[in-house]
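J.: So the sequence shown is numbered by my numbering: it starts at 1162 and just counts up by one. Just so you know, even glycine gets a beta-carbon here, dropped at the ideal spot from N, CA and C. I'd like to ask you about the structure that follows.
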Amino acid sequence: MESTSHTDAGAPRPGDVVAVLAVKRLAEAKSRLAASRGPASDGLHRDLVLAMLLDTIDALRGPRVEGIAVISPDDEVLAAARAAGAISVGEDRGARPIDTDRLNQAFAEASAIARRRWPTARTVMLVQADLPAATATSMQAVIAAADGLRQAVLTDRNGRGTTVLLRDRSITEPPRFGPDSAAAHRAAGAVELDPGHVRWADLRTDVDTAADLDAARSLGVGRHTAAILGETRPLGPTSSSNRRTPSDSATKRLSATRDAS
């Protein structure tokens, strides 16, 4: 396992991490979630995908994160990301197939842009965009846990997938998201941050099915997701002090999306 220090010497400093998220077209995103929730959820599915993205972005705001980039081929996703304070990167799909290779290439493309946009950042943090229970406290803790590691991975609830991958800025090859990505990232040299799978449940709970959504709700979802689900406040034990109030522009963007659906 790699434990090489960052290429830039010295102690961690504020604003030394940039976060990158990748989102499919809303018409394609989270098809398993839509299917598992049934036809009655069709009208809210696109809104839910956007809401989970916005809650993930909110959780990423903290002293260690200098900037956030969202890559997607979907104009609505990009507009929502900009309204939430992230930079948006239009994905050039071209002849790229619709598969996990496309996701990994999108992450690599946006990472390159993020490195140019924030040249002093030492770490690129690749984050799944469907973490509605994520909190800023956990995000900052994971970043701190990865200090001194060239690559670090946080797995999902079943231990096979990857929800967060932190990499030294010098690493430019595509990541290995997809089936059994945790093992693939470990094979590429990433250190598993919590091999006992007992910490940061909010960051492990990505949402692919209705059962995953229920698990996130039991932890306490962010305000964007709570609003889409008709909840007046986050559920579960998660402290609201770890969440940021959604900006007016982001809230208006979601409202406009809901009206149009």
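By Cβ distance below 7 Å, which residues in the same chain neighbour R1337 in space, the five residues on each side in sequence not counted?
T.: Taken in chain order, the residues that qualify are N1265, A1345, H1346 and A1349.
J.: Leaving out five residues before and five after G1320 in sequence, what residues of the same chain have Cβ atoms less than 8 Å from its Cβ?
T.: If we look at G1320 and ignore the five residues flanking it on each side, its Cβ neighbours are A1343 and H1358.
J.: Consult DSSP for S1331 and reduce its assignment to one of helix, strand or coil.
T.: In this structure, S1331 counts as coil in the three-state DSSP scheme.
J.: Alpha carbon to alpha carbon, what distance is there between A1295 and E1189?
T.: Each residue's alpha carbon lies about 23 Å from the other.
J.: Write down the C-beta distance between R1207 and L1187 rounded to the nearest angstrom, noting that I regard them as a contact closer than 8 Å.
T.: Between L1187 and R1207 the Cβ distance is about 5 Å, and since that is below 8 Å, they are a contact.
J.: Any idea if E1252 is buried or exposed, counting beta-carbon neighbours within 10 angstroms, 16 or more meaning buried?
T.: Buried, because 16 or more other Cβ atoms sit within 10 Å of the Cβ of E1252.
J.: Suppose only complete runs of 3+ residues qualify. What are the beta strand (DSSP E) ranges in the stretch 1293 to 1338, listed by chain order?
T.: Whole beta strand (DSSP E) segments, 3+ residues: 1312 to 1316 and 1323 to 1329.
J.: Where does A1180 sit, in a helix, a strand or coil, going by DSSP?
T.: Correct three-state label for A1180: strand.
J.: Is the stretch 1313 to 1329 touching the stretch 1229 to 1236 in the sense that three or more CB pairs, one from each, lie closer than 8 Å?
T.: Short answer: they don't touch.
J.: Shortest alpha-carbon distance to I1332 belongs to which of R1278, E1227 and A1273?
T.: Looking at the Cα atoms, A1273 is the closest of the given residues.
J.: Once DSSP output is grouped into helix, strand and coil, what is the label at E1270?
T.: Of the three classes helix, strand and coil, the one that applies to E1270 here is helix, per DSSP.
J.: Are the CB atoms of V1179 and I1304 nearer to each other than 9 Å?
T.: Their beta carbons are not under 9 Å apart, which means V1179 does not touch I1304 by this criterion.
J.: Report the partner residues of A1230 according to the DSSP bridge assignment.
T.: Answer by DSSP bridge pairing, in chain order: V1181 and I1248.
J.: Can you give the Cα-Cα distance for A1271 and V1184, rounded to whole angstroms?
T.: Going from the Cα of A1271 to the Cα of V1184 covers about 11 Å.
J.: Quick one: what does DSSP say E1353 is sitting in, helix, strand or coil?
T.: If DSSP states are grouped into helix, strand and coil, E1353 belongs with the strands.
J.: Might you give, ordered along the chain, the residues of its own chain that have their beta carbon closer than 7 Å to the beta carbon of T1281, omitting 5 neighbours on each side?
T.: Contacts found: none.
J.: Under a three-way DSSP split, which group does T1284 fall into?
T.: Of the three classes helix, strand and coil, the one that applies to T1284 here is strand, per DSSP.
J.: Within 10 angstroms of the Cβ of A1372, are there 16 or more other Cβ atoms? Answer buried if so, exposed if not.
T.: A1372 comes out exposed.
J.: Any idea if R1277 is buried or exposed, counting beta-carbon neighbours within 10 angstroms, 16 or more meaning buried?
T.: The residue is exposed, with fewer than 16 neighbouring Cβ atoms inside 10 Å.
J.: Please return the same chain residues whose Cβ sits closer than 7 Å to the Cβ of A1351, not counting the five positions on each side in sequence.
T.: Contacts found: Q1312, A1313, V1314 and L1326.
J.: If we count the other Cβ atoms within 10 Å of its Cβ and call it buried at 16 or more, is A1256 buried or exposed?
T.: For A1256, the predicted structure reports a pLDDT of 47, less than 50, and the residue's modelled location is therefore unreliable. A value from the coordinates is still provided. With fewer than 16 other Cβ atoms within 10 Å, it is exposed.
J.: Using 8 Å for Cβ pairs, my map puts T1386 next to A1212. What's the rounded Cβ distance?
T.: Right, their Cβ atoms sit about 5 Å apart.
J.: Checking 9 Å against the spacing of the C-beta atoms, do L1239 and I1229 come in under that value?
T.: It is not a contact, given that the beta carbons lie outside the stated cut-off.
J.: Terminal residues of the continuous alpha helix (DSSP H) containing A1423?
T.: Residue numbering for the chain in the displayed model covers 1162 to 1422; residue 1423 lies beyond these limits and cannot be assessed.
J.: Candidates P1340, Q1301, I1389 and L1390: which alpha carbon is nearest W1361's?
T.: Residue Q1301 is the option with its Cα nearest to W1361.
J.: When burial is assigned at 16 or more other CB atoms within 10 Å of the CB, is P1224 buried or exposed?
T.: Looking at its Cβ environment, which holds fewer than 16 other Cβ atoms inside 10 Å, P1224 is exposed.
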